[in-house]
Each structure stands twice: as C-alpha cells, then as structure tokens.
Amino acid sequence: MSASEAKPLLVKHPAEWRQIGIVSTYVGLLAAMYFVPTCRNVFFLAAACYFSFLNAVVIHNHLHQGVFHSRRLNMLFRAVLSFGSLYPASANIPSHNLVHHHFDDDGQPDWAAPEHVSFKWNLLNLIHFPNVAGPNTFEGVSRWKSIAGRGDFVRQYLFENVFAFGLTLALFVHDFWTTLFFVVIPQLYGARCILRINLIQHDGCDTSSEWNHSRNFVGKAFNWIMCNNGYHTIHHNRAGMHWSVLHTAHAKEVVPRIDPSLDEPSMVLYLLRTYVFNLARPKKRDVASAEREASGVIELASRAQRRAEAEAASA
Amino acid sequence: MLTRETMGALALAILWVNTLLVAAAAWKEIAKLSAKRRALGEVLHGKVVRGDGEGASIAELAVEQVGRMGGSAERPSIVFFDKTFASVSRGGTIAIDGGAIEIAIERGTDVEVWLSKEEVERAGACASQRAFDDALVHARKAKGWSRTLAAKLCAGSEVWFAGALEATSGRATAKDGALISSFDPRGWIAGKIAMVGAFIAIEIALASLATALALHAPVFGPISTAGGALGLAFFLLVQPAGTAVRDAARFPSVRFARGAWSREAAPAVDLAVNTIA
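Chains as they are written, first to last, in my numbering: chain A, 414 to 728; chain B, 4 to 280.
Below is the structure:
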C-alpha cells in the first residue's frame, strides 16, 4: 500500500484531528474552570462558551460522517459530545439529517424553521429561537423513535442521555454552584447557539429553491475553526461530502447560482447588522431569481431521494 | 476572577430574560386568539338539516396522515403523523333559531371547520382488526401507510356558524371564509385565552419562587442551592411547557390529530420488522 493510500491512524480523514482538538480543548477548559479556581475568569468562561458552540458544530459533522474508523469509537465520541452540549448528539439524525435537510417533516414544517418565531423586534427572535426549536426537536425525535426498527438508535440515544446528564449530575453533587456556573452555562450556551444557527442560516432564504435556501459565511479563518460549516448551501445539497472540501464545491457549484446577499463575508457583521443595528426583521426577497438566471444545470437528486439516502445511512 | 455573586447575577439574568420571552410568546398566542374572536363577529347557533356529502355531511376536516409501524413484532402498533390539514365544504343547509333562518353552504365554499378533539379521534379510530392488518402491511414499509382522516359534520348535528352571508334567490348563502363548528367557538376561544393566561401567571410565579429561594440568605447555602436547582429545572422545563401551550392553543382546524392504532390479539400477518439499514 502506498503512502497516499494508507488510512490515517484512528480517523477516517486527517482533518478530523482538528475536530478532536476542538473537543479536547473544550473539555480541558471546563475541567480547568471546575478544578482550578483561578481559571474561573472571563477569558476562560468566554472561551468555554465559544468552544461549546464548536463542540455542537462537531456534533453536526460527526453525525453526518463519523470521525473514526471504529463504529464503537464513533458511538463513544457521540457520548462525549453529548456531555459537551448537554443533549444527546444522536438527536441530530432525525432532526437535522432527515427533517432539516429536507426542510420539512412529511408536510409539516421543519422543527427548526425560522417561521417558528415572529417577534417584531428581530433580536428577540434570535434569543427566543432555541426556546421553540429545542422542544420542537425533542418532541419530534420522541415521535420518530417510536417507529419500529429504531432499536439501535433508541439504545444509543438513551446511553448518550445517561452519560451526559449522569456526568453533569455527578458534578452537581460534588460542587453545585461551580457546575452550574462553569459547566452548565457553557454547555447550554453552545446547545442554544447551534439551534440559533438554523435561524441565522435560513431566515430570509427560499427553502423551496435548490441553491438559495441557505445563507453562507465565507470568511477563511471563520471556516477553519468552524470546520467549513460556513458553507451551508453546498452542505445541504451534498450532505455526503466531507466538510474539508466544501469550500471548493461552494466556489464551483454554489457561487454561480446564488444571490450575492447569501454569501456573507462575516458572521459577526451579519449578526450586528441584522439583529443589533436594525430592529425589524428584513423583508423577504426573491433570492431564487439568481438560480433561474444562472447558466448551466447541475443535476441534483430530488430531496425525497436525498432524504431516503440519509435515512439509509443513519444507522 | 468571576465571583459566585457575579455568576449568580448572570444566571438570574439569563433565567429572567428567558422567562419573559416565553411569556411574551404566550402573550402573542392570546393576541391571536383574541383577533380570531373579533374576526368571528356574530355567531349563529343551529342544526345541520341537510348535508350533500358522504354520510349526509355538510363539511369535513380532512387530515392527511402517514402511519408507520411502532411497537414490536409481537405487539405491533401503527403510529400516525400529520401531513396536511384541510377544511372542506360538501354543501348543505343549516337551520338557525329553530328553522327561522336557513343558511345554504355551497359545495366548495372556502370554510374553516372546527370539530372537537373527541370527534376527530373517533373519526380516526381503527375500524376493525382486519383494517389494522391491511394497514400494517403498508405501515411496515419505509414509505408508511397514507390515509386521509376525514372527520365529518353531518345532518342532525348541532352547529355554530360565523361568517358573511349573501342573499341569493331569496335565501342566505355563506360566503368564503365562514366558520362552521360543532361547538361554540366563543367558549373555546375564551377557555384557551384563560389557559394561556394561567400559564403566563404560573410561569412568572415559579420563576419568582426560584429567584427568591436562590437569593435566600445565606446565599449559596442549602436553601439558596435548592433555589438554584429549581431555577435550572425551571429553565429547562419552561421551554417545552411553552410549546405545549402553543400547541394546545392551535385552532381546531389545524389541531394535531396524530393518534395510534394497536392490536391486542396476535397479528395475522407474519411480521419481519424492517430495520432502517
């Protein structure tokens, strides 16, 4: 076997070490704040909150394609990730991989559709969104797992819940206030922010279109730490594509077909412009006109077919 | 360094911002219900004297559903998921005030149909074990078993009507946008407004209780810790409580039907559960 054909050690793709590094850093920050009082400062807390969000991003990537060659390691890693975000990572399979990627739930709205919030002051929509998308998701997962043939999923889901909540409870018993302030606040920050991403990535887009259903954030440094999760359109259309090559596919397939407003250079500037400096929610525009006017056709499997493929791959 | 006091203040701020947002969202439900009450205008009470649809129905609530196998091979069930909701007018006549006024509903008129939860459940119930077995054959498959749950409002039923009328050929005919209900919509709306209002009051009260306990001297002592635990539990549980209230306040024309069929006796069909591969 040549060097180029040799499988990387443990992981399916060398880039996965970045994700493992992110999760290790996050757990390290939590441990530092928990065990070392001098680490309980603004810097560590802010870093832990940020890495908690990245932990949730890793959940997203890992539940699309497992990081490790070993199935057992992938399942154990799900449990670690679940503790990081205080929710069972496997919930992503029905909620994200199946329902959200299809933008609907068999005729009913996506559990995390932007339409679930409707305050006139748009900032309240951003803050409130997890209060709606979260319960929608867990209720939907509960209905989904009641279907026969999902025994493996049910067992793994239970394992992740027991691990995540059990470990957190143990920390509470040992030191309640330190756990609440320096473990649970970061855990919930990341979990709620990954729900908010659905609003940020899709509000004002045309989810019925093939290429203008998502907003992309294309900064290089941003996408390095976010493992290319800024390239959301191509991720929806090619869910099986490894995250490390999404930027290339975005440039080739998405850019010629997307409304320029859906390629944002900076998430920070977008958030400030949309939720802080403007009170009202931006009015919807016909963003899909860009793909109608684009030349060249790229064949995409129908959404029903893509959902069926995702369902088959979700064991 | 971040002291416990600073972090406690942060935690309480998070708790209260969230509590007020959930309350504000619930208040919007009240506003929606109130707007509906105002839009109804005058509500007329009467009886369906003629229905031109199947089973002498004047109108029906049609819920497209997909049923999928649940339970186990030994004790299978069929779990239903709602896809779409539609209110359909089949045509007929309503007599108001003991027949003093008759209102014609023409087939195809755009109406909104409200039926009680029990009426919808009855319409969706499994008719027989044979029906269960026939449905299960399809429910086992990935595509599931598609059906239309049709809950009907039939001749002889009490009915409440709200909407604009036009005089045609000496009779009153319902215009598009009418509401046809098997119960008094005003009472339903009032009940739901009271329910949501009670939720807001209880929610604020519980948040206040958790806050008071958490701030009980000595702060970070046993009672304060109980308050902190209550506050966390409240933060996590108020979210699904808020969406449950939202769902309970859905107008009956789009109320979730869902439901499940079960079979007590051993199934006639030899089942091999198709796992998701």
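Glycine included, C-beta positions come from ideal geometry on N, C-alpha and C.
Determine the DSSP secondary structure at residue i, reduced to helix, strand or coil.
| i | result |
| --- | --- |
| residue 718 of chain A | helix |
| residue 427 of chain A | coil |
| residue 115 of chain B | strand |
| residue 5 of chain B | coil |
| residue 478 of chain A | coil |
| residue 15 of chain B | helix |
| residue 548 of chain A | helix |
| residue 577 of chain A | helix |
| residue 679 of chain A | coil |
| residue 265 of chain B | strand |
| residue 30 of chain B | helix |
| residue 221 of chain B | coil |
| residue 693 of chain A | strand |
| residue 149 of chain B | strand |
| residue 10 of chain B | helix |
Sort out for me which residues DSSP pairs residue i with in a bridge.
| i | result |
| --- | --- |
| residue 50 of chain B | B:98, B:161 |
| residue 1 of chain B | The displayed coordinates of chain B run from 4 to 280. Any statement about residue 1 of chain B would go beyond what the structure contains. |
| residue 176 of chain B | B:107, B:169 |
| residue 79 of chain B | B:74 |
| residue 182 of chain B | B:115, B:165 |
| residue 84 of chain B | B:69 |
| residue 518 of chain A | A:521 |
| residue 560 of chain A | B:73 |
Considering only residues of the same chain and omitting the five flanking positions on each side of residue i, which have a CB-CB separation below 8 Å?
| i | result |
| --- | --- |
| residue 508 of chain A | 524, 525, 550, 553, 554 |
| residue 475 of chain A | 432, 487, 490, 491, 494, 502 |
| residue 96 of chain B | 51, 52, 53, 61, 105, 106, 107, 108 |
| residue 677 of chain A | 628, 629, 630, 631, 683 |
| residue 257 of chain B | 88 |
| residue 668 of chain A | 676 |
| residue 572 of chain A | 488, 492 |
| residue 390 of chain A | Outside the shown range of chain A, which is 414 to 728, sits residue 390 of chain A, and nothing can be said about it. |
| residue 585 of chain A | 592, 593 |
| residue 235 of chain B | none |
| residue 605 of chain A | 543, 547 |
Within the continuous alpha helix (DSSP H) that includes residue i, where are the two ends?
| i | result |
| --- | --- |
| residue 637 of chain A | 633–638 |
| residue 204 of chain B | 188–217 |
| residue 498 of chain A | 484–498 |
| residue 590 of chain A | 589–592 |
| residue 698 of chain A | Per DSSP, residue 698 of chain A belongs to no alpha helix (DSSP H) and is neither H nor E. |
| residue 120 of chain B | 120–127 |
| residue 513 of chain A | Residue 513 of chain A -> no alpha helix (DSSP H), and no H or E assigned at all. |
| residue 133 of chain B | 132–142 |
Kindly list the residues whose CB is nearer than 6 Å to the CB of residue i, restricted to its own chain and excluding five residues on each side of it in sequence; keep chain order.
| i | result |
| --- | --- |
| residue 25 of chain B | 241, 245 |
| residue 84 of chain B | 69 |
| residue 645 of chain A | 614, 627, 629 |
| residue 82 of chain B | 71, 73, 263 |
| residue 517 of chain A | 523 |
| residue 712 of chain A | none |
| residue 178 of chain B | 167, 169 |
| residue 603 of chain A | 465, 466, 468, 469, 498 |
Looking only at its chain, what residues have a beta carbon closer than 7 Å to the beta carbon of residue i, apart from the 5 residues adjacent to it on each side?
| i | result |
| --- | --- |
| residue 546 of chain A | 524, 525, 529, 608, 611 |
| residue 154 of chain B | 63, 64, 118, 122, 123, 126 |
| residue 693 of chain A | 533, 535 |
Establish whether the CB of residue i and some CB of chain C are separated by less than 8 Å.
| i | result |
| --- | --- |
| residue 540 of chain A | Of the protein chains in the structure, A and B, none is chain C. |
Every unbroken alpha helix (DSSP H) inside the region 615–671 of chain A [4 residues or more]: The alpha helix (DSSP H) runs lying completely inside the region 615–671 of chain A and spanning 4 residues or more are 633–638, 645–650, 659–662, given in chain order.
In chain order, each alpha helix (DSSP H) run of at least 4 residues that lies wholly inside the region 421–473 of chain A: 429–448
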